[in-house]
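Protein chains in written order, with the numbering used here: chain A, 26 to 379; chain B, 26 to 379.
Just so it is clear, CB atoms sit at the ideal spot from N, CA and C, and this is done for glycine as well.
Fair warning: this is a prediction, and the values are worked out from it, not measured in the lab.
In what follows, a structure is listed as structure tokens, so that the remarks can point back to it.
2 protein chains.
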Amino acid sequence: MRDVDRMAADVSSSSPDLQERGTIATELRDLFCGRPVLVTGGAGFIGSNLVRRLVCLGARVTVVDSLLPDYGGNLFNLRDVRDQIWLSVTDMRDRNGLAYLVKGQEIIFNLAGQVSHEDSMRDPLTDLDINCRSQASLLETCRQHNPDVRIVYTSTRQIYGRPKYLPVDEDHPLEPVDVNGINKLAGEQYHLLYHQVHGMWTSALRLTNTYGPRQLIRHARQGFIAWFVNRAVRGETIKLYGDGTQRRDLTHVDDVVEALLLASVNDAANGQVFNLGGELISLLDLTAMLSQLCPDVRYETIPFPEERRKIDIGDYVARWDKIRGVLGWTPRVGLCDGLRGTIDYYRRFGDHYL
Amino acid sequence: MRDVDRMAADVSSSSPDLQERGTIATELRDLFCGRPVLVTGGAGFIGSNLVRRLVCLGARVTVVDSLLPDYGGNLFNLRDVRDQIWLSVTDMRDRNGLAYLVKGQEIIFNLAGQVSHEDSMRDPLTDLDINCRSQASLLETCRQHNPDVRIVYTSTRQIYGRPKYLPVDEDHPLEPVDVNGINKLAGEQYHLLYHQVHGMWTSALRLTNTYGPRQLIRHARQGFIAWFVNRAVRGETIKLYGDGTQRRDLTHVDDVVEALLLASVNDAANGQVFNLGGELISLLDLTAMLSQLCPDVRYETIPFPEERRKIDIGDYVARWDKIRGVLGWTPRVGLCDGLRGTIDYYRRFGDHYL
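Structural data, given as structure tokens:
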């Protein structure tokens with residue numbers, strides 16, 4: 026039994042009550058110190074926050090990122106850990122490159138993706154190549170060159186489509202309403218299939234709206250929260266579609282990183298999918314919260330643009346009992362604190378994001 | 026209102042009781058006579074049977090087929106209608122070619138696909154390119170060059186995975202157990218999405234096990250029924266996995282063709298998915314039925330090969346009330362008659378298939 030497996034068994038056998046944050050942090054340091062770990066999309070928003078945490082835990086981190094314009098990869102995100110990682114500018118569509126990079130890794134955090142719903146509708150085949158074809162390609166590559174690696178995949182709530190009930194649990198029907206959702210669903214299903222059929226170690230987290238430092242906020246196509254932060258930092262008007270009462274649950278990126286780490290070291294996550302969730306808020310209330318942090322910011326409500334209305338999913342809130350029960354994860358960062366930290370970050374480093 | 030639309034309205038408003046076979050045949054002739062129609066995969070098993078029927082109905086048929094080895098395309102299937110169609114040897118992955126071919130068509134029967142589950146596991150990316158990427162590509166091409174075309178897509182029961190209940194209706198969870206199922210699901214979802222978001226006319230039929238003349242029966246990778254027919258015609262032993270009691274419902278290809286035609290001309294099919302079904306039988310009883318037609322044939326039971334067991338779905342039978350209610354379709358060809366005709370066909374033309 027490898028160390029990482031033994032330690033993982035220890036973590037999974039301890040009860041959630043005992044898994045206080047301090048204890049987990051110590052255990053995680055033991056688990057990751059010196060471990061070879063690959064992060065795809067590691068220069069992006071969630072990826073770079075994860076990479077920085079992994080570096081803190083002493084992991085030997087390889088970062089793969091295509092640095093495609095508009096996709097979120099930003100070397101500034103990694104500037105102060107640049108000497109402690111191996112950064113490879115590699116596109117997930119480059120299978121030869123991947124074959125080399127996956128060898129010898131113990132864990133792959135597979136975060137690379139195209140996240141814009143609008144872009145997926147405008148250019149379905151590029152979204153397909155990245156979110157669907159590259160995922161199958163990565164799994165095949167691992168099956169051939171490193172079948173024992175653990176793979177944690179970041180899936181998305183978008184695969185559920187318009188909620189038929191709230192909160193949405195993992196058994197909710199999967200009826201995506203845009204190309205991005207279809208391709209991400211296929212990507213997730215490949216991961217689970219390679220577990221079921223080929224016995225590989227894979228797990229998937231279905232993320233909801235993630236916010237925090239290091240997100241691409243330059244344009245409005247990486248989710249509404251990024252754009253709201255942009256407007257707030259710039260002191261410009263936030264435009265709310267419809268009446269602004271649609272509700273979303275928001276997860277701070279630090280909590281997402283924690284979930285990724287926990288999933289990667291706990292055998293109970295193998296072959297499983299888990300919802301993440303967070304604080305529920307209407308877009309109107311979110312705007313009010315931002316205007317407390319940035320007094321200049323204003324909002325107005327406007328009719329839904331036609332192209333956006335067609336793929337909007339209405340209210341969404343996740344049930345995340347499963348990951349709490351199985352992995353002991355709960356979100357820790359309150360929305361108000363999280364937003365304050367986010368705004369502070371962009372006020373300080375906005376030049377690199379705006 | 027185009028003629029095809031007006032006639033379709035007539036068909037959909039008549040009650041199923043009135044839609045006797047003769048009446049429908051006359052109506053279909055009126056609907057298809059002179060119509061420009063494209064059949065992708067038109068040299069294959071179901072495609073060629075459809076093409077022959079369309080030619081009988083007087084349609085102006087364009088056939089697209091890649092004629093890839095092992096995929097089912099066979100020019101012998103079209104030998105006696107060759108002068109009455111336009112045949113283009115075009116791969117669905119060739120987007121430029123498709124752009125030309127879709128222009129001016131009123132109906133596209135989109136049947137081209139990779140159907141082998143085993144092949145999809147051995148070569149996931151080829152399956153993905155054909156069953157997933159090419160579908161998105163075709164839809165994008167139509168959206169740009171012929172957004173008013175009607176598209177009927179052949180989906181598969183494989184997207185349900187292992188049935189959680191029987192009979193399986195269209196609301197059954199979608200949890201495919203092999204790469205082919207994942208990619209076909211994505212392909213179906215693209216079709217429905219292009220209806221929902223772009224207002225295109227699309228419909229999908231979820232086929233179960235189809236049998237009949239003109240199927241590739243040379244190897245065992247196009248479904249068990251093709252291989253059973255091969256063994257029966259050659260008088261060789263049929264090997265049943267497990268104890269042979271697993272049950273399947275079989276649809277004769279003529280009934281599938283009828284369903285495709287009905288779906289294409291009835292606006293009630295727009296944006297809908299429909300299960301097809303047929304006669305339920307255990308593999309053991311099917312073998313017994315074949316041995317009445319081919320006295321030399323024997324069977325033996327053998328343990329499931331490991332690779333096959335992992336992606337087997339167990340018993341399957343479809344609920345097809347929806348297509349009966351909405352389109353007035355019912356299967357007409359009895360299994361015994363259908364198998365007799367199939368065996369006769371291969372006895373006569375086996376040289377072109379064995």
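**Request:** Output, in sequence order along the chain, the residues in the region 149 to 183 of chain A whose CB is closer than 7 Å to any CB in chain B.
**Result:** Here the close residues are P149, L150, L153, C157, R158, A161, S162 and E165.
**Request:** Under 8 Å between beta-carbons, which chain B residues line up against Y215(A)? List them in chain order, please.
**Result:** From the beta-carbon of Y215(A), the residues of chain B found nearer than 8 Å are P149, V204 and I207.
**Prompt:** Touching or not, the region 251 to 268 of chain A and the region 204 to 218 of chain A, by the rule of three or more beta carbon pairs under 8 Å?
**Reply:** The region 251 to 268 of chain A is not in contact with the region 204 to 218 of chain A.
**Request:** Taking only beta carbons into account, state which residues of the region 216 to 227 of chain B come closer than 8 Å to chain A, listed in chain order.
**Result:** Result list: L218, Q221 and V222.
**Request:** Counting only the same chain and skipping the five closest in sequence on each side, list residues whose C-beta sits under 7 Å from that of F57(B).
**Result:** Excluding positions up to five away in sequence, the list reads L79, L82, G83 and A84.
**Prompt:** Do you know whose CA, among D196(A), Q214(A), M225(A) and Q139(A), lies nearest V204(A)'s CA?
**Reply:** Check the Cα spacing between V204(A) and each of D196(A), Q214(A), M225(A) and Q139(A): the tightest is with Q139(A).
**Message:** 8 Å is my cut-off, CB to CB: does L199(A) come that close to chain B?
**Reply:** Closer than 8 Å to some Cβ of chain B, the Cβ of L199(A) qualifies, so yes.
**Message:** Between P320(B), F329(B), V127(B) and D148(B), which has its C-alpha nearest P61(B)'s C-alpha?
**Reply:** Nearest option by C-alpha distance: V127(B).
**Prompt:** Does DSSP classify I207(B) as helix, strand or coil?
**Reply:** If DSSP states are grouped into helix, strand and coil, I207(B) belongs with the helices.
**Message:** Quick check on S228(A): does DSSP put it in helix, strand or coil?
**Reply:** Note: S228(A) maps to strand in three-state DSSP.
**Item:** Buried/exposed call for Q244(A), threshold 16 Cβ in 10 Å
**Value:** Checking the displayed sequence, the identity of residue 244(A) turns out to be His instead of Gln. Using a 10 angstroms sphere on the CB of H244(A), the tally of other CB atoms stays under 16, which defines it as exposed.
**Item:** L379(B) burial status per 10 Å Cβ neighbour count (16 or more: buried)
**Value:** Exposed: under 16 other Cβ atoms inside 10 Å.
**Prompt:** In this structure, what does DSSP give as the bridge partners for G113(A)?
**Reply:** Just to set this straight, residue 113(A) is Ser in the shown sequence, not Gly. According to DSSP, which records beta bridges pairwise, S113(A) is partnered with V89(A).
**Prompt:** Going by alpha carbons, who is nearest to G248(A) out of T51(A), F134(A), S91(A) and D337(A)?
**Reply:** Nearest in C-alpha terms to G248(A), of all of T51(A), F134(A), S91(A) and D337(A), is D337(A).
**Prompt:** Taking the alpha carbon of L301(A) as the point to measure from, which residue in P188(A), R231(A), M314(A) and L286(A) has its own alpha carbon closest?
**Reply:** Of the candidates P188(A), R231(A), M314(A) and L286(A), the one whose C-alpha sits nearest the C-alpha of L301(A) is R231(A).
**Message:** Relative to the C-alpha of G72(B), which candidate in N99(B), L53(B) and L364(B) has its C-alpha closest?
**Reply:** Closest option to G72(B), Cα to Cα, is N99(B).
**Item:** Segment contact, 8 Å Cβ cut-off, at least three pairs: the region 113 to 122 of chain B with the region 148 to 164 of chain B
**Value:** Touching, per the Cβ criterion.
**Asked** P61(A) by DSSP, collapsed to three states: which one?
**Response** In the three-state DSSP reduction, P61(A) falls in the strand class (E or B).
**Request:** Starting from the C-beta of H197(A), find all residues in its chain whose C-beta is less than 6 Å away, skip the five residues before and the five after it, and write them out in chain order.
**Result:** Non-local beta-carbon contacts of H197(A) in its own chain, meaning distances under 6 Å to residues more than five positions away in sequence, involve Y185 in chain order.
**Asked** Can you find a C-beta in chain B that's less than 8 Å from the C-beta of K335(A)?
**Response** At a cut-off of 8 Å between beta-carbon atoms, K335(A) makes contact with chain B.
**Prompt:** Per DSSP, what kind of secondary structure is R373(B) in: helix, strand or coil?
**Reply:** Looking at R373(B) - three-state DSSP - the assignment turns out to be helix.
**Prompt:** Within 8 Å (strictly less), CB to CB, does A313(A) reach chain B?
**Reply:** Cβ-Cβ to chain B under 8 Å: no for A313(A).
**Asked** Are the Cβ atoms of L63(B) and Q130(B) separated by less than 8 Å?
**Response** Yes; because the gap between Cβ atoms is below 8 Å, this pair is in contact.
**Message:** Taking 7 Å as the limit between beta carbons, can you name the residues of its chain near L309(A), skipping five residues before and five after?
**Reply:** Contacts found: L265, G269 and T270.
**Prompt:** When the cut-off is 8 Å and only beta carbons count, does D376(B) lie next to chain A?
**Reply:** Not one chain A Cβ lies under 8 Å of D376(B).
**Asked** How about D35(B): is its C-beta nearer than 8 Å to some C-beta of chain A?
**Response** In this prediction, D35(B) has a pLDDT of 41, which is less than 50 and means its spatial position is unreliable; what the coordinates show is noted afterwards. No, its Cβ sits nowhere closer than 8 Å to a Cβ of chain A.
**Message:** Using C-beta distances below 7 Å, list every residue in its chain close to Q44(A), excluding the 5 sequence neighbours before and after it, in chain order.
**Reply:** Low confidence applies to Q44(A): its pLDDT is 47, below 50, so where it sits in the model is not reliable enough to give any reading.
**Prompt:** If the cut is a Cβ gap below 8 Å, which residues of chain D does M146(A) touch?
**Reply:** Of the protein chains in this structure, namely A and B, none is chain D.
**Message:** For L153(B) and Y178(B), what's the separation of their Cα atoms in angstroms?
**Reply:** Their Cα atoms are separated by approximately 16 Å.
**Message:** Can you check which of these residues, A68(B), L75(B), V322(B) and R107(B), is closest to D95(B) by C-alpha distance?
**Reply:** Cα-wise, what sits closest to D95(B) is A68(B).
**Request:** For the beta strand (DSSP E) holding T276(B), just list the boundary residues, first then last.
**Result:** First-last of the beta strand (DSSP E) with T276(B): R272 to H277.
**Asked** Which residues of chain B have a Cβ atom closer than 8 Å to the Cβ of A68(A), listed in chain order?
**Response** Per Cβ cutoff of 8 Å: no residues; A68(A) is ~26 Å from chain B at best.
**Asked** What's the C-alpha gap between V89(A) and N74(A)?
**Response** V89(A) and N74(A): Cα-Cα distance of roughly 14 Å.
**Asked** Are the Cβ atoms of I21(A) and Y324(A) separated by less than 8 Å?
**Response** Lying outside 26 to 379, the shown extent of chain A, residue 21(A) is not represented and no answer is given.
**Prompt:** In the region 139 to 198 of chain A, which residue ranges form an unbroken beta strand (DSSP E) of at least 3 residues, counting only runs that do not cross its ends?
**Reply:** Within the region 139 to 198 of chain A, the complete beta strand (DSSP E) runs of at least 3 residues are 175 to 181.
**Asked** What is the DSSP secondary structure of T233(B), counted as helix, strand or coil?
**Response** Looking at T233(B) - three-state DSSP - the assignment turns out to be coil, as it is neither helix nor strand.
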